[in-house]
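For reference, the structure discussed in these notes is given below.
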Amino acid sequence: MTRFLLPAGVFALLVTVLFIGVQRAPEKTVIPSALIGKPAPVFSLPVLGSDAQFAAESMRGRWYVLNVWGTWCAECRNEHETLLEIARSRALPVIGLNW
118 MTRFLLPAGV
128 FALLVTVLFI
138 GVQRAPEKTV
148 IPSALIGKPA
158 PVFSLPVLGS
168 DAQFAAESMR
178 GRWYVLNVWG
188 TWCAECRNEH
198 ETLLEIARSR
208 ALPVIGLNW
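Under our numbering, think of the first position of the sequence shown as 118, with each following residue one higher.
Encoded structure:
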């Protein structure tokens, strides 16, 4: 009987630790970007689905959001809905740059 109690106890302990870990809220540490308010570098990139080019120079003097993102970036996924809302509202142009 004790042969089964030890593995069952270890299993119950692991399940408990896993359950507690899943229930904890992730820490929200905000690291301010050093690039906010700084001029964008000069660049020119193809526009998705067309032969046109987008140049940062074309936005000179205007406010816009330049979002540098990657599919591997967890925080990029978190901010995606917010960026979609900004783009839909047309409050600011949103330019996405896949890193």
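Positions of the beta carbon are idealized from the N, C-alpha and C atoms, including for glycine. A quick note: this is a predicted structure, and the numbers were derived from the prediction, not measured.
It is roughly 6 Å from the alpha-carbon of glycine 187 to the alpha-carbon of asparagine 215.
Alanine 129 has its alpha-carbon roughly 46 Å from the corresponding atom of glycine 213. Where proline 158 is concerned, there is no enclosing beta strand (DSSP E), because DSSP gives it neither an H nor an E. Residue pairing by DSSP places glutamine 140 in no beta bridge whatsoever.
Taking the C-beta atoms as reference points, valine 211 is found nearer than 8 Å to valine 182.
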